[in-house]
Amino acid sequence: MSKSIEVPISGMSCAACAVSVESMLKETKGIQSASVNYATQSALITLEKEGLDLTEAKKNIQSIGYDLLIDINNQEDLDAIKTAELAQLKKNTLYSGLLALPVFLIGMIWMNIPYANEIMWALTTPILAIFGRAFFINAYKQTKIGNANMDTLVALSTGVAYVYSTFNTFFPHWLESRGITPHVYFEAAAVIIFFILLGRLMESRAKAGTSEALKNLIGLQPTDLTVVRDGESIKMAVADVLPGETILVKPGQKIPLDGTLSQGQSFVDESMLTGEPIAIEKSIGDTVYAGTINQAGSFQFKSNKSNEETLLSSIIARVKQAQGSKAPIQKTVDKVTAIFVPSVLAIAVVTFIVWSFSGTDDAVLRGMLSAITVLVIACPCALGLATPTAIMVGIGKAASKGILIKDAESLEIGKKIDTLIMDKTGTITEGKPGVKKVLWKTDLDYKPMVSVFCALEEKSEHPLAAAITEHFAQEKSPVELLDFDSLTGKGVTGKYDGKQYFIGNLKWLRSMDIVIDETLSQAADKMLNIGDIVVYLAEEKQLVGIIGIADKIRETSKTAIAKLQKMGISVHMLTGDQEKTAAAIAEKVGITHFQSGMLPQDKGEYIKKLQQKGHKVAMTGDGINDSEALVLADLGIAMGAGTDIAMETAQVTLMHSDLMAIPELLKLSKNTVATIRQNLFWAFIYNIIGIPIAAGILYPISGFLLNPMIAGSAMALSSLSVVGNSLRLKYT
1 MSKSIEVPIS
11 GMSCAACAVS
21 VESMLKETKG
31 IQSASVNYAT
41 QSALITLEKE
51 GLDLTEAKKN
61 IQSIGYDLLI
71 DINNQEDLDA
81 IKTAELAQLK
91 KNTLYSGLLA
101 LPVFLIGMIW
111 MNIPYANEIM
121 WALTTPILAI
131 FGRAFFINAY
141 KQTKIGNANM
151 DTLVALSTGV
161 AYVYSTFNTF
171 FPHWLESRGI
181 TPHVYFEAAA
191 VIIFFILLGR
201 LMESRAKAGT
211 SEALKNLIGL
221 QPTDLTVVRD
231 GESIKMAVAD
241 VLPGETILVK
251 PGQKIPLDGT
261 LSQGQSFVDE
271 SMLTGEPIAI
281 EKSIGDTVYA
291 GTINQAGSFQ
301 FKSNKSNEET
311 LLSSIIARVK
321 QAQGSKAPIQ
331 KTVDKVTAIF
341 VPSVLAIAVV
351 TFIVWSFSGT
361 DDAVLRGMLS
371 AITVLVIACP
381 CALGLATPTA
391 IMVGIGKAAS
401 KGILIKDAES
411 LEIGKKIDTL
421 IMDKTGTITE
431 GKPGVKKVLW
441 KTDLDYKPMV
451 SVFCALEEKS
461 EHPLAAAITE
471 HFAQEKSPVE
481 LLDFDSLTGK
491 GVTGKYDGKQ
501 YFIGNLKWLR
511 SMDIVIDETL
521 SQAADKMLNI
531 GDIVVYLAEE
541 KQLVGIIGIA
551 DKIRETSKTA
561 IAKLQKMGIS
571 VHMLTGDQEK
581 TAAAIAEKVG
591 ITHFQSGMLP
601 QDKGEYIKKL
611 QQKGHKVAMT
621 GDGINDSEAL
631 VLADLGIAMG
641 AGTDIAMETA
651 QVTLMHSDLM
661 AIPELLKLSK
671 NTVATIRQNL
681 FWAFIYNIIG
691 IPIAAGILYP
701 ISGFLLNPMI
711 AGSAMALSSL
721 SVVGNSLRLK
731 YT
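Numbering (UniProt numbering), first residue to last: 1 to 732.
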């Protein structure tokens with residue numbers, strides 16, 4: 001029987017690496033199929049039979065410069081390896097930068113100081129031999145299997161520049177005796193290594209949030225619980241509990257498993273699943289879910305699923321699967337490398353051969369210099385700068401507007417978005433219940449009652465009590481209540497100055513023979529019809545007031561949605577709330593496409609259906625319940641006031657939780673992608689024009705032969721043009 005397993009991989013530095021690893025895995029005996037994902041640094045391997053040893057696959061992967069981490073059994077060990085790799089990359093980038101700076105300054109400005117070449121050689125050697133040695137090792141291993149990637153290009157250009165410059169430093173007379181100036185290109189080799197390392201460091205940091213999101217999701221699962229057997233409470237690990245056990249949950253505790261409430265009642269905060277800020281009343285027969293939080297009373301429930309089958313576990317699994325299934329971006333640089341590197345090598349070889357048989361004076365020497373010139377002018381410094389410089393400027397500008405962007409993929413996809421999905425609670429709305437409206441019985445002096453009702457709510461455990469006391473904070477004064485009583489699911493009551501006061505739901509007040517004022521009843525019905533929650537206030541035997549409570553719409557939501565629609569973006573709202581509330585909110589902010597009662601997996605399926613129709617979908621949310629949708633969407637946008645998990649799974653975070661930032665983000669995306677493409681144009685135009693000239697195409701016509709030093713200058717000019725073009729983004 002075949003079985004699919006996910007195995008982490010270390011050492012991949014570009015999308016081409018993933019292709020090499022995948023190819024090697026597919027050729028390994030016993031592996032039916034393999035899919036390597038560069039974004040998650042892992043491989044999904046389907047084995048021909050369960051229990052197959054992957055030692056041979058590990059050796060094969062190691063032979064091409066990577067590693068299949070088959071011995072890693074937990075997230076902590078994997079995190080430790082990734083942390084060590086990131087720390088090493090940081091160290092290599094820092095030290096190579098510190099050494100490259102003086103090399104660059106000497107090579108470009110102070111080239112005439114005593115022993116300039118020797119100093120540059122001494123500084124450049126450790127950059128290539130120590131901090132950049134991985135490029136040469138990987139290039140060699142790629143060559144062994146007939147592949148070429150960015151490492152090949154970096155190793156070739158820097159290696160040739162270094163060897164040629166070293167020879168000219170210690171044996172300058174060999175060229176001088178032939179009338180040729182022995183130029184050196186240490187600065188080119190040093191700067192290339194530094195900038196490529198810098199780009200990879202930025203990319204590694206961007207990917208670091210993926211595992212953090214999963215770690216935090218997993219952290220929502222309690223590790224132990226209290227099982228009740230024959231009236232006795234027993235502490236157990238969650239993983240050891242089988243379905244059918246009776247479990248005790250106390251106030252403030254997380255519910256450890258899915259199940260059905262069998263004894264007691266309480267209010268449970270299910271915002272992690274539904275996104276709704278108001279706790280749900282639970283009584284006997286109701287379903288409770290792992291990871292949600294018990295707020296008020298203690299209760300017992302019967303577990304009906306194991307730890308691996310809970311709704312929270314399924315969310316974790318789907319988030320992991322979604323992250324793994326999202327194809328890594330194929331940056332233009334990686335796409336052209338497969339063609340560009342062999343082409344440059346072929347041109348250099350052909351150049352040397354043609355010159356060697358040309359019959360001109362010093363034909364072999366001229367052929368060697370021309371071949372070196374081809375490799376130097378084709379060096380990837382500008383290619384290495386093209387994307388990271390534009391990203392750094394774009395991300396910096398976005399950050400100044402309160403928009404935090406993780407990576408280049410986010411910027412590239414942003415300009416393609418045509419559909420935006422919005423969560424309701426915490427995204428369009430503020431995400432917390434507040435008093436929307438208070439109505440009192442006509443011709444009633446209600447002011448003395450305000451303090452009494454506030455005193456009742458201050459003693460209440462109901463989730464809405466805080467919203468009411470906060471609303472009346474400026475009007476209340478201290479009062480001493482007598483005979484306070486709280487009836488879960490009904491309301492609270494107490495005596496003051498000889499009178500009985502009640503706050504609760506309508507059904508309970510009717511059971512207490514409270515006379516319901518017709519005007520207030522009609523007003524309450526209108527509130528209920530638009531999805532508001534209504535709390536009823538009574539004194540003695542008469543209804544004296546009602547309070548409408550709802551989640552308030554953010555001030556800028558309607559304007560932002562109108563602006564997005566004007567840009568041609570179709571806006572949809574998905575919420576776990578009831579239909580009446582969803583319809584009322586959608587109407588107020590101008591959204592025509594909306595769905596209510598949506599669970600996390602429903603949002604994910606909704607996005608998939610839109611994507612299957614060819615839409616590029618962005619998702620904006622703030623809660624754990626949005627995490628799967630944020631990952632599945634082409635672009636995930638989290639609200640800064642939301643959960644850490646939402647921010648980690650999303651590629652973009654709006655720090656001010658203002659939807660007006662989304663149009664800004666999409667415009668910035670368009671400008672940044674345009675800049676990256678312009679940069680790549682400038683990076684390649686020098687190669688397209690310069691490589692034929694470097695090879696000597698003009699020599700038969702005009703006798704002009706490009707000097708390697710001029711080739712180095714052309715490379716530097718291409719880099720400057722890329723940097724300068726990126727800086728324009730600041731003022732666009």
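Ideal placement from N, C-alpha and C gives every residue a C-beta, glycine not left out. Since we're looking at a predicted model, the values are computed, not measured.
Pair within 8 Å by beta-carbon distance, residue i and residue j
{"i": "Lys-416", "j": "Ser-451", "result": "no"}
{"i": "Pro-256", "j": "Val-238", "result": "yes"}
{"i": "Leu-729", "j": "Lys-397", "result": "yes"}
{"i": "Ala-618", "j": "Ile-421", "result": "yes"}
{"i": "Ala-129", "j": "Ala-155", "result": "no"}
{"i": "Ile-81", "j": "Ser-10", "result": "yes"}
{"i": "residue 749", "j": "Thr-152", "result": "This structure cannot speak to residue 749, because the chain is shown only from 1 to 732."}
{"i": "Tyr-496", "j": "Val-479", "result": "yes"}
Euclidean distance between Cα positions of residue i and residue j
{"i": "Val-160", "j": "Leu-375", "result": "7 Å"}
{"i": "Ser-96", "j": "Ile-193", "result": "7 Å"}
{"i": "Ser-511", "j": "Asp-258", "result": "34 Å"}
{"i": "Ala-322", "j": "Leu-487", "result": "With a pLDDT of 46 at Ala-322, under the threshold of 50, the modelled position of that residue is not reliable, and no figure is offered here."}
{"i": "Val-354", "j": "Ala-346", "result": "12 Å"}
{"i": "Lys-282", "j": "Gly-604", "result": "27 Å"}
{"i": "Asn-37", "j": "Arg-200", "result": "17 Å"}
{"i": "Ser-460", "j": "Ala-560", "result": "38 Å"}
{"i": "Met-368", "j": "Phe-352", "result": "6 Å"}
{"i": "Asn-92", "j": "Ala-43", "result": "27 Å"}
{"i": "Gly-359", "j": "Glu-176", "result": "21 Å"}
{"i": "Gly-324", "j": "Trp-682", "result": "Its pLDDT being 47, under 50, Gly-324 is placed unreliably by the model, and nothing is read from it."}
{"i": "residue 733", "j": "Lys-490", "result": "Only positions 1 to 732 of the chain appear in the structure, and residue 733 is not among them; the question remains open."}
{"i": "Lys-401", "j": "Ile-339", "result": "39 Å"}
{"i": "Glu-309", "j": "Lys-141", "result": "43 Å"}
{"i": "Lys-59", "j": "Ala-116", "result": "45 Å"}
{"i": "Val-184", "j": "Thr-169", "result": "7 Å"}
{"i": "Gly-65", "j": "Thr-181", "result": "39 Å"}
{"i": "Tyr-162", "j": "Ile-391", "result": "29 Å"}
{"i": "Thr-493", "j": "Ala-550", "result": "23 Å"}
{"i": "Thr-210", "j": "Leu-654", "result": "Here Thr-210 scores only 42 on pLDDT, less than 50, and its place in the model is too uncertain to base an answer on."}
{"i": "Met-598", "j": "Gln-612", "result": "20 Å"}
{"i": "Ile-403", "j": "Ile-413", "result": "16 Å"}
{"i": "Ile-196", "j": "Pro-114", "result": "30 Å"}
Cut-off 7 Å between Cβ atoms - residues of its own chain near residue i, not counting five sequence neighbours on either side
{"i": "Leu-99", "result": "Leu-123, Pro-126, Ile-127, Ala-190"}
{"i": "Glu-540", "result": "Lys-499, Gln-500"}
{"i": "Gly-264", "result": "Gly-297, Ser-298, Phe-299, Gln-300"}
{"i": "Ser-596", "result": "Thr-575, Asp-577, Gln-578, Glu-579, Ala-582"}
Member of the options whose CA lies at the smallest distance from the CA of residue i
{"i": "Thr-46", "options": "Asp-485, Ser-63, Asp-497, Glu-22", "result": "Glu-22"}
{"i": "Arg-229", "options": "Pro-222, Leu-242, Thr-223, Gln-221", "result": "Leu-242"}
{"i": "Met-24", "options": "Ser-10, Asp-53, Ala-57", "result": "Ala-57"}
{"i": "Thr-429", "options": "Gly-614, Leu-528, Lys-552, Gly-402", "result": "Lys-552"}
{"i": "Val-7", "options": "Gln-41, Gln-542, Ala-538, Leu-543", "result": "Gln-41"}
{"i": "Thr-519", "options": "Tyr-164, Leu-543, Tyr-496", "result": "Leu-543"}
{"i": "Ser-370", "options": "Ser-702, Ser-657, Ile-701, Gly-696", "result": "Gly-696"}
{"i": "Ser-20", "options": "Asp-53, Ser-63, Lys-667, Leu-54", "result": "Ser-63"}
Proximal residues to residue i (C-beta, below 6 Å), its chain only, five neighbours per side dropped
{"i": "Cys-454", "result": "Thr-469, Phe-472, Lys-476"}
{"i": "Asn-307", "result": "Val-238, Ala-239"}
{"i": "Glu-457", "result": "Ala-465, Ile-468, Thr-469"}
{"i": "Ile-569", "result": "Leu-420"}
{"i": "Lys-616", "result": "Lys-416, Ile-417, Asp-418, Asp-634"}
For residue j and residue i, believed in contact at Cβ under 8 Å, the rounded distance
{"i": "Ala-586", "j": "Ile-530", "result": "The Cβ separation is near 11 Å, so there is no contact."}
{"i": "Thr-649", "j": "Leu-635", "result": "The Cβ separation is near 12 Å, so there is no contact."}
{"i": "Glu-187", "j": "Phe-104", "result": "5 Å"}
{"i": "Lys-437", "j": "Gly-545", "result": "Rounded, the Cβ-Cβ distance is 11 Å, inconsistent with contact."}
{"i": "Lys-588", "j": "Lys-558", "result": "7 Å"}
{"i": "Gly-291", "j": "Pro-251", "result": "Not confirmed; about 16 Å, so no contact."}
{"i": "Ala-363", "j": "Ser-356", "result": "6 Å"}
{"i": "Ala-638", "j": "Asp-622", "result": "6 Å"}
{"i": "Met-573", "j": "Phe-594", "result": "4 Å"}
Chain-order list of residues whose beta-carbon lies under 8 Å from that of residue i (same chain, five-residue window excluded)
{"i": "Lys-563", "result": "Met-660, Pro-663"}
{"i": "Lys-302", "result": "Gly-244, Glu-245, Thr-246, Ile-247, Gly-259, Thr-260, Ser-262"}
{"i": "Pro-433", "result": "Pro-277, Ile-278, Pro-463, Leu-464, Ala-467, Ile-533, Ile-549, Ala-550, Asp-551"}
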